[in-house]
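As structure tokens, the structure follows; a few thoughts come after it.
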Amino acid sequence: MLAMAQKEELTKQQELIYEMRIGLVMTKNPVSVAPEMQMSKLREILQTKRISGMPVLENGFLVGMVSLEDFIECLTSDAMNDSVAKHMSTDVITLFENDFLVTAVREFERTGFGRFPVLNRETGELVGILTKGDILRGVAKKLEVEFHRAEKKRYKNKMHILDHVQADETRFTFQYHIVGNDFNRAGEAAGNLKKNLKRLGLPPEIIRRVAIASYEAEMNLVIYTSGGYMTVRISPEMITVNVFDNGPGIPDVNQAMQEGYSTAENRIRDLGFGAGMGLPNIKKCSDEMLLRSKIGKGTNLRFSVKLYGKNDDN
Ligand SMILES: Nc1ncnc2c1ncn2[C@@H]1O[C@H](COP(=O)(O)OP(=O)(O)OP(=O)(O)O)[C@@H](O)[C@H]1O
Ligand SMILES: [Mg+2]
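Below is the structure:
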């Protein structure tokens, strides 16, 4: 199954490479230099822009490419006062902005170069620069957009239980038990909740937000407490999640809410937790959030996600 999924994914990426044009993903207005500039001036540009090569332009037209290697060569041969024109390479391979990405991918493979200048086919002017990173980013972005579109379509075409519920007063309540310090079962409550929200046919974007927030809340109980409960109420207007535990409590809830604040021990950090991002993430995912705690007694976290809120465009 996995091999199959990977194969399909690759095919989709390849398809995009044949569909998307270079101009869409290239870096526009790239940093360039003039041919008469001194080689020594390159140091600052290469350093501050963190690039390894750039186009040399005369009146908007490409006359060469100068690279970090050219600069280093001048360093060792004491030619720092020479002009860029003397050291740039002039037999430059260029791409056109309205070519498909597949052309670029082939050139990267064939030459092993790290970047290509991109020209406008009609005017011959330099319009951008293309790296492999640009291609990856561009394809990933497009994949994400298409994924969301497909997800919305799937959702629209499915039957949703809630669509057929007539009474306004319908409410669902789910409750999950969370066991402290049990990493084998950690994530179960949030996972089961997610399944149930899907069964109810709630919009994917809403489910995603509730799932992330409840996962973070569940993990905090697993890590910092002896366990507790998560109660979820679904009304026609919103989903409200209440998480209770029996201690130890949080000394300063405002501090705990800060991004990056964590008391996780090394043992926990080794498991990949403890970035101090859980509570801030819950806040981001929810429309309302309230954290209350009493030392020695316990903590109650409540958050809600509106069903027909600002993010709803279904
Ligand atoms: N239910 C709880 N009981 C006691 N302390 C808690 C509880 N939830 C959170 N905390 C405290 O708040 C801190 C911040 O929590 P938060 O979830 O934001 O980050 P984290 O759990 O440390 O790291 P991450 O969630 O990124 O893995 C925790 O380090 C812990 O000290
Ligand atoms: Mg956490």
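Remember, my numbering sits 1036 above the position in the sequence shown when you count from 1. The C-beta atom is built at its ideal place from N, Cα and C for all residues, glycine as well.
Own chain partners of residue i with C-beta closer than 6 Å, once the 5 adjacent residues on each side are dropped
| i | result |
| --- | --- |
| Lys-1048 | none |
| Thr-1126 | Gly-1100 |
| Lys-1319 | Met-1325 |
| Ala-1225 | Tyr-1212, Ile-1214, Glu-1254 and Met-1266 |
| Gly-1296 | Gly-1312 |
| Thr-1276 | Arg-1269 and Ser-1340 |
| Met-1073 | Val-1120 |
Extent of the continuous beta strand (DSSP E) run through residue i
| i | result |
| --- | --- |
| Lys-1077 | From DSSP, Lys-1077 is part of no beta strand (DSSP E); its letter is neither H nor E. |
| His-1281 | The sequence as given places Asp at residue 1281; His does not occur at that position. Per DSSP, Asp-1281 belongs to the beta strand (DSSP E) from 1274-1281. |
| Glu-1151 | Strictly speaking, residue 1151 in this sequence is Arg, with Glu absent from that position. Per DSSP, Arg-1151 belongs to the beta strand (DSSP E) from 1151-1155. |
| Leu-1326 | 1324-1330 |
| Gly-1089 | 1089-1094 |
Per-residue DSSP class, three states only, for residue i
| i | result |
| --- | --- |
| Gln-1291 | helix |
| Thr-1047 | helix |
| Thr-1159 | coil |
| Glu-1145 | helix |
| Asn-1302 | helix |
| Met-1037 | At Met-1037, the pLDDT of 41 sits below 50, so the modelled position is not reliable; the number obtained from the coordinates is stated separately. The answer is coil: DSSP assigns Met-1037 none of H, G, I, E or B. |
| Phe-1339 | strand |
| Leu-1307 | coil |
| Glu-1055 | helix |
| Val-1061 | helix |
| Ile-1197 | helix |
| Val-1138 | helix |
| Gly-1334 | strand |
Bounding residues of the alpha helix (DSSP H) (the contiguous stretch that carries residue i)
| i | result |
| --- | --- |
| Asp-1170 | 1168-1193 |
| Tyr-1265 | Counting along the chain, Tyr-1265 falls outside any alpha helix (DSSP H), though it belongs to the beta strand (DSSP E) covering 1263-1270. |
| Ile-1214 | From DSSP, Ile-1214 is part of no alpha helix (DSSP H) but of the beta strand (DSSP E) over 1208-1215. |
| Gly-1314 | 1314-1321 |
| Leu-1111 | 1104-1113 |
| Asn-1256 | 1240-1260 |
| Lys-1122 | 1120-1123 |
| Leu-1236 | 1224-1236 |
Contacts around residue i, its chain only, beta-carbon distance under 7 Å, and the 5 residues preceding and following it disregarded
| i | result |
| --- | --- |
| Glu-1161 | Gly-1096, Phe-1097 and Leu-1155 |
| Pro-1091 | Pro-1066, Ser-1068, Leu-1098, Met-1101, Pro-1153, Leu-1162 and Ile-1165 |
| Lys-1234 | Ile-1243 |
| Ser-1329 | Gly-1285, Ile-1286, Val-1289 and Thr-1335 |
Assigned exposure category for residue i - 16 Cβ within 10 Å defines buried
| i | result |
| --- | --- |
| Ala-1140 | buried |
| Thr-1167 | buried |
| Ile-1243 | buried |
| Asn-1117 | exposed |
| Phe-1107 | buried |
| Arg-1245 | buried |
| Ile-1331 | exposed |
| Asn-1256 | buried |
| Ile-1197 | exposed |
| Thr-1112 | exposed |
| Lys-1146 | First, the residue type needs correcting, since residue 1146 is Arg and not Lys in the sequence shown. By the 10 Å Cβ count, Arg-1146 comes out exposed. |
| Pro-1239 | buried |
| Phe-1219 | exposed |
| Arg-1157 | exposed |
| Arg-1173 | exposed |
| Gln-1062 | Checking the sequence, you will find Met at residue 1062 rather than Gln. With 16 or more other Cβ atoms within 10 Å, it is buried. |
| Gly-1089 | buried |
| Ala-1039 | A caution first: Ala-1039 carries a pLDDT of 48, below 50, which makes its placement in the model unreliable, though a value can still be read off. Answer is exposed; the Cβ neighbour count stays below 16. |
| Leu-1307 | exposed |
Cutoff 8 Å; reference residue i; Cβ partners in own chain excluding five residues on either side
| i | result |
| --- | --- |
| Glu-1094 | Ala-1070 and Pro-1071 |
| Ala-1222 | Glu-1254, Met-1255 and Val-1258 |
*Touch check for the stretch 1279-1294 and the stretch 1260-1268: three-plus C-beta pairs under 8 Å?*
yes
*asked:* With three or more beta-carbon pairs closer than 8 Å as the criterion, would you say the stretch 1055-1068 touches the stretch 1122-1139?
replied: yes
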